[in-house]
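Residue numbers (the UniProt record's numbering): 1 to 169. Here a beta-carbon is modelled for each residue, glycine too, at the ideal position from N, C-alpha and C. Some notes on the structure that comes next.
Here it is as structure tokens:
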């Protein structure tokens, strides 16, 4: 009998290459056709193993979801960066490799990040998603997020709308 192990835990420096790989796969899947190709490549390439190694070693809050010894996805989070939004914490990124989407893993990763933020005194939180990324906006709505703000972000010559979802405990 084999046992399937699903674990959410803080990332270690040894996870940097796997997180970079998950980032690459997830971003290509999520943003191809939304973010212009050259800009998407730049964004992916600047987040290689060295970048993740440095972020993890410097104490950035990065959690990984591990499925049978493979990093299936990651979340990175901390204090809210948007001063105009009165929420304590923020999930900066939450991504899963495409083959692990739709299995409830994103929900596990999200709940773990939310719990970690709350245990650090950050009781309310926000997450931003590109408006055109329907799977992400549907995911955050399904988790009970309420839309609280709109903004835009420039990717090379293209400006894309984004929305903020919030949760309070």
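Can you name the start and end residues of the alpha helix (DSSP H) that residue i belongs to?
i           : result
residue 116 : 105-119
residue 134 : 134-142
Under 8 Å Cβ to Cβ from residue i, same chain only, skipping five residues before and after it: list those, please.
i           : result
residue 171 : Since the first residue of the chain shown is 1 and the last is 169, residue 171 is not available in this structure.
residue 136 : 30, 129 and 130
residue 157 : 36
residue 121 : 88
When burial is assigned at 16 or more other CB atoms within 10 Å of the CB, is residue i buried or exposed?
i           : result
residue 69  : exposed
residue 84  : exposed
residue 22  : buried
residue 109 : buried
residue 41  : exposed
Give every residue of the same chain whose Cβ lies closer than 7 Å to the Cβ of residue i, excluding the five residues on either side of it in the sequence, and list them in chain order.
i           : result
residue 76  : 60, 61, 62, 92 and 93
residue 16  : 49, 52, 53 and 56
residue 140 : 127, 129 and 165
residue 4   : 68
Using a Cβ-Cβ cut-off of 6 Å (strictly less than) and excluding sequence neighbours within five positions of residue i, which residues of its own chain qualify?
i           : result
residue 151 : 162
residue 20  : 48, 49 and 52
residue 14  : none
What first and last residue would you give for the beta strand (DSSP E) that runs through residue i?
i           : result
residue 10  : 6-10
residue 93  : 89-96
residue 151 : 146-155
residue 171 : Because the chain here runs from 1 to 169, residue 171 falls outside it and cannot be looked at.
How close, in whole Å, do the beta carbons of residue i and residue j come, if the pair is a contact with beta carbons under 8 Å?
i           : j           : result
residue 72  : residue 96  : 6 Å
residue 115 : residue 143 : That pair is no contact at about 13 Å.
residue 34  : residue 132 : 5 Å
**Request:** Could you name each continuous beta strand (DSSP E) segment of 3 residues or more that falls completely within the stretch 13-72, going from the start of the chain to the end?
**Result:** 61-67
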